[in-house]
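As structure tokens, the structure follows; a few thoughts come after it.
Protein chains in written order, with my numbering: chain A, 3 to 336; chain B, 3 to 336.
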């Protein structure tokens, strides 16, 4: 399979992107990486790498979208920027998927521009995988669709469930609806109507009802459906709380030790590494006709390689075919 | 001043509520606690306590609202339940404020029933104080108003700012609007219109613009304004992440130690105590004509005493007088 990588995306420049692609190509024998960015720069990075060159291609697209740039303006002013070239390659059928650590809004804008969506899906949603006390759970949407309709959330339930089965290996994923209380009837109109859609449709067996913020990390469910506004706040809040708490632990717990300070510090570092976002392979934009994974802007080699690995698995496991079949089995939208 | 305490509220029964009141009365010489619950039970708990009895009164209201009970049904079936009796006392002017660790919905329903709101405030909001890397911040609303209007959020900004000044001691609080990105124009219509209200009104100097989920714990601002849906998810999520991360640290960091395991465990316990919600004195329902503080259902003696202490400070510091003056200075709602 062929996956495009936006080499100019992210805070760290081409180096970690190319290194991540090299790692992914070396660990996925069926993967050809199409590196989209400044050709000269990519070639010189590749010259220093050990990688089967027949599975690494380069597409020259030296213009970058800045992390702070307004997506719609970027699309107008820089239609050939590396991230948009990745989308063009997908639209032309030249690649099966794309990975970018660039401006999230620009990635989503590129999707909207090429209209490369699954026909059955009304609005794509960004999913993110979170660690929990029982394993992992997936939250959809974390920012693509800040004011969704109930039908969109129902489709996020289907897509999240397929992803949980095929990529996270959870046989019968339980789905929860993010709300302000567990009882039926809680929350605003959007969640009340969404609750009814889940309860009356083919997902009723998997749908456990409303869940609350504290359920995410308890691992109460495997898939959490929410609007992109709440989901985006959740995503960034988790990052902030992890940072805050682990800094405190480093200062106050590791800092309180004497002879075993190194041992405690190493254990904390190990924990931070295992629960760092880079271990979870980026955030898939579900509902695209192809595969699209958005990485954190600060992604380094390992995060990029993991994201390419997840994208490759999405292709192998035919995630989209399953999404099309299962959304097709839903009652028609009224 | 006189504060009512809902002795039947919370998961832990009358014991910790009465003990918390005794502690608060002993540390606040100007406080008279009015204990609302089962008179016999309260009297026997008081008999074992050392407290100036002239500053502890008892109101017999032996019916409790269950934590899982639907608020509106509870109000209909049990109009004399302890929490509603607290509101009646406030409405009659018999107390200056009330504290309850009971069913949050019932506390808010009691407020709505007695209509004991500040006239200038369109919708009360629940505030919560969070620890940050730079101190503390306050988030309004965390669950009273899940589908607010922009004007409500503007008023939450005023109320949060007054609380931050008078209770948290922050001289010129910075206000942020919870959103999915920092740039102007981000998010849905509610936040876009709210942004404009802040920018065009008398709070413009204090308003720093949009903030994201990760800004909460970084302490970027002192007051964060958000809708009650997002705020409630944030509040419960923080609780869940703290629990999750600190359990991990206990297992993996403290668990990795040998000779200094006790030292590490004690440091972790100290940190958990300082950042536990009980240290922050409950969540004030702002916009009430009087003082109302909602405590976590699992509150024990210390949390109840802290909440009564904060309620007493709200009365002393004339928080409501300042809210009325500052909302009065806003442009009229269109």
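For each residue, glycine too, the CB sits at the ideal point set by N, CA and C.
Using a Cβ-Cβ cut-off of 7 Å, residue 197 of chain B does not count as an interface residue toward chain A, since no Cβ of chain A sits closer than that to its own. Distances from the CA of residue 71 of chain A to each of A/64, A/80, A/63 were compared; the closest alpha carbon is that of A/80. Beta-bridge pairing by DSSP links residue 212 of chain A to A/179. Using a Cβ distance threshold of 7 Å, residue 103 of chain A and residue 87 of chain A do not count as a contacting pair. A distance below 7 Å separates the beta carbons of residue 230 of chain A and residue 148 of chain A.
Residue 68 of chain B and residue 294 of chain B have their alpha carbons spaced roughly 19 Å apart. For residue 277 of chain A, the closest alpha carbon among the candidates A/196, A/245, A/125, A/202 is that of A/245. Taking the C-beta atoms as reference points, residue 161 of chain A is found no nearer than 7 Å to residue 228 of chain A. In the three-state reduction of the DSSP assignment, residue 165 of chain A falls in the helix class, which pools H, G and I. Between residue 48 of chain A and residue 307 of chain A, the C-beta gap is not smaller than 7 Å, which leaves the two residues out of contact. Annotation for residue 41 of chain A: 60, 62 place their beta carbon closer than 7 Å to its own, counting only its chain and skipping 5 residues before and after. The residue among B/13, B/6, B/176, B/29 with its C-alpha nearest the C-alpha of residue 35 of chain B is B/6. In terms of beta-carbon proximity, residue 215 of chain A lines the interface with chain B, with at least one pair separated by less than 7 Å.
Within the same chain, Cβ atoms closer than 7 Å to the Cβ of residue 107 of chain B are found at 73, the five residues on either side in sequence being excluded. Counting of Cβ neighbours within 10 angstroms places residue 331 of chain B among the exposed residues, the total staying below 16. For a Cβ distance threshold of 9 Å, residue set 215, 216, 239, 243 of chain A lies close to residue 240 of chain B, ordered along the chain. Below 8 Å, enough C-beta pairs join the region 152 to 172 of chain B and the region 316 to 334 of chain B to call them touching: three or more.
Apart from the 5 residues on each side of it in sequence, residue 32 of chain A sits with its Cβ closer than 8 Å to the Cβ of 3, 314, 318 in its chain, given in chain order.
Proximity of the region 112 to 120 of chain B to the region 251 to 266 of chain B falls short of the contact definition, fewer than three beta-carbon pairs being nearer than 8 Å.
One thing to note: residue 224 of chain A has its Cβ within 7 Å of the Cβ of residue 175 of chain A. If you look at residue 198 of chain B, you'll find it in the alpha helix (DSSP H) that goes 191 to 202. Out of B/163, B/232, B/239, the CA that lies nearest to the CA of residue 207 of chain B is found in B/163.
Under a criterion of Cβ atoms nearer than 8 Å, the residues of chain A adjacent to residue 135 of chain B are, in order, 246, 249.
Using a Cβ-Cβ cut-off of 7 Å, residue 270 of chain A counts as an interface residue toward chain B, since at least one Cβ of chain B sits closer than that to its own. Residue 225 of chain A has a beta carbon lying at 7 Å or more from every beta carbon in chain B.
Close partners of residue 220 of chain A in chain B (Cβ separation under 9 Å): 242, 245, 246. For residue 286 of chain B, the CB contacts under 6 Å within the same chain, skipping 5 residues up- and downstream, are 129, 295 in chain order. Spanning the alpha carbons of residue 242 of chain B and residue 284 of chain A requires a straight line of approximately 22 Å.
The region 222 to 291 of chain B contains, as complete alpha helix (DSSP H) runs of 4+ residues, the segments 230 to 254, 263 to 277 (chain order). Taking the Cα positions, residue 200 of chain B is about 7 Å away from residue 209 of chain B. For residue 234 of chain B, at least one C-beta of chain A is nearer than 7 Å to its own C-beta. Contact between residue 249 of chain B and residue 270 of chain B is absent: CB atoms are separated by about 10 Å, not below the 8 Å threshold. CA-to-CA, the gap between residue 16 of chain B and residue 29 of chain B works out to about 20 Å.
With fewer than 16 other beta carbons inside 10 angstroms of its own, residue 320 of chain B counts as exposed. In the displayed model, residue 304 of chain A falls within a helix according to three-state DSSP. For residue 133 of chain A, the enclosing beta strand (DSSP E) begins and ends at 127 to 134.
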